[in-house]
Amino acid sequence: MTTQQRYQHIIAWFTVNMPVAKTELHHSNPYELLIAVMLSAQCTDKRVNMITPRLFADFPNPEAMAATNHEVIFEYIRSISYPNNKAKHLVGMAQKLVSDFGGVVPDDVDQLQTLPGVGRKTANVIASVIYDKPVMAVDTHVFRISERLGLTTGSKNPLQTERELVKYIPPELIPKAHHWLILHGRYVCVARKPKCNECGLTEWCRYYQELKK
Numbered sequence: 017m018t019t020q021q022r023y024q025h026i027i028a029w030f031t032v033n034m035p036v037a038k039t040e041l042h043h044s045n046p047y048e049l050l051i052a053v054m055l056s057a058q059c060t061d062k063r064v065n066m067i068t069p070r071l072f073a074d075f076p077n078p079e080a081m082a083a084t085n086h087e088v089i090f091e092y093i094r095s096i097s098y099p100n101n102k103a104k105h106l107v108g109m110a111q112k113l114v115s116d117f118g119g120v121v122p123d124d125v126d127q128l129q130t131l132p133g134v135g136r137k138t139a140n141v142i143a144s145v146i147y148d149k150p151v152m153a154v155d156t157h158v159f160r161i162s163e164r165l166g167l168t169t170g171s172k173n174p175l176q177t178e179r180e181l182v183k184y185i186p187p188e189l190i191p192k193a194h195h196w197l198i199l200h201g202r203y204v205c206v207a208r209k210p211k212c213n214e215c216g217l218t219e220w221c222r223y224y225q226e227l228k229k
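Put into structure tokens, the structure is as follows:
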């Protein structure tokens with residue numbers, strides 16, 4: 017099976033079996049999603065969704081967040097991972113949004129990465145989820161699943177994985193494919209013990225085919 021054929025089969029399977037795939041982070045606008053994605057680093061979406069309603073209610077826009085300080089934000093997010101750093105990044109992000117972008121979350125990946133606490137993965141999530149840009153955010157799930165399925169081979173880092181995925185996935189499907197891989201990794205192809213008996217992709221999965229040998 018060629019790499020191209022593997023991609024075609026896997027994309028076809030997801031298209032039929034997961035026609036709706038979207039982020040599980042609760043948000044109602046780009047600013048809220050940006051906050052949620054920043055908070056989700058090394059933290060579960062479930063935990064983030066537990067704390068964001070109060071945060072969004074009290075700081076409903078970048079101007080409100082920019083006017084406070086990280087000690088105040090820390091109290092809202094103290095139950096998640098790295099709350100001190102994330103609190104500082106959130107306030108810094110909001111201040112730069114206000115000063116440089118008129119309070120509007122930019123749609124450009126490079127501009128997004130100028131915001132404090134926003135790396136390539138977070139920037140790609142915002143650009144793809146909010147603005148439907150053909151960019152692939154690679155988190156631990158996407159990185160793991162891509163290797164297991166055989167969509168990538170010996171990828172050394174997220175950027176290498178990203179470049180390989182966007183080479184083979186049609187641009188219009190990239191935003192959805194990001195969620196296909198995340199959700200598959202979160203609920204089926206889990207890190208420690210993948211649920212191969214529940215997976216519909218075993219026929220094209222390099223990891224499963226190796227197990228059978």
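Counting from 17, one number per residue, gives the positions in the sequence shown under the numbering used here.
Even glycine gets a Cβ: it sits at the ideal position worked out from N, Cα and C.
Would the segment 75-86 and the segment 165-183 be scored as touching if the rule is three or more Cβ pairs under 8 Å? no
Kindly list the residues whose CB is nearer than 8 Å to the CB of Met66, restricted to its own chain and excluding five residues on each side of it in sequence; keep chain order. Ser95
Gly133 and Met54 look like a contact to me (Cβ under 8 Å); what is the Cβ gap, rounded to whole Å? 5 Å
Since Leu217 and Ile27 should fall inside the 8 Å C-beta cutoff, what is the C-beta to C-beta distance between them, to a whole number of angstroms? Their Cβ separation, rounded to whole angstroms, is 11 Å, which puts Leu217 and Ile27 out of contact at 8 Å.
Inspect the beta-carbon positions of Asp61 and Glu48 and report whether they are closer than 9 Å. no
If you draw a straight line from the C-alpha of Leu189 to the C-alpha of Tyr147, how long is it? 13 Å
Rounded separation between Val120 and Tyr223 - CA only: 43 Å
Take the Cβ of Pro69 as the centre, count every other Cβ of all protein chains shown within 10 Å, and call the residue buried at 16 or more, exposed below. exposed
Between Ile185 and chain C, is any beta-carbon pair separated by less than 9 Å? In the displayed structure, chain C is absent; only one protein chain is listed.
Mind reading off the beta-carbon distance from Ala207 to Arg160? Whole number of angstroms is fine, and I expect it under 8 Å. 6 Å
Closest by CA to His195, which one among Val141, Gln225, Asn173, Val64? Val141
Continuous alpha helix (DSSP H) stretch holding Trp196: start and end: 190-203
Using only the alpha-carbon positions, how far apart do Asn213 and Phe75 sit? 45 Å
Would you check if the distance between the CB atom of Thr19 and the CB atom of Leu167 is smaller than 9 Å? yes
Could you spell out where the alpha helix (DSSP H) holding Gln129 opens and where it closes? Unbroken run through Gln129: none, as it is neither H nor E.
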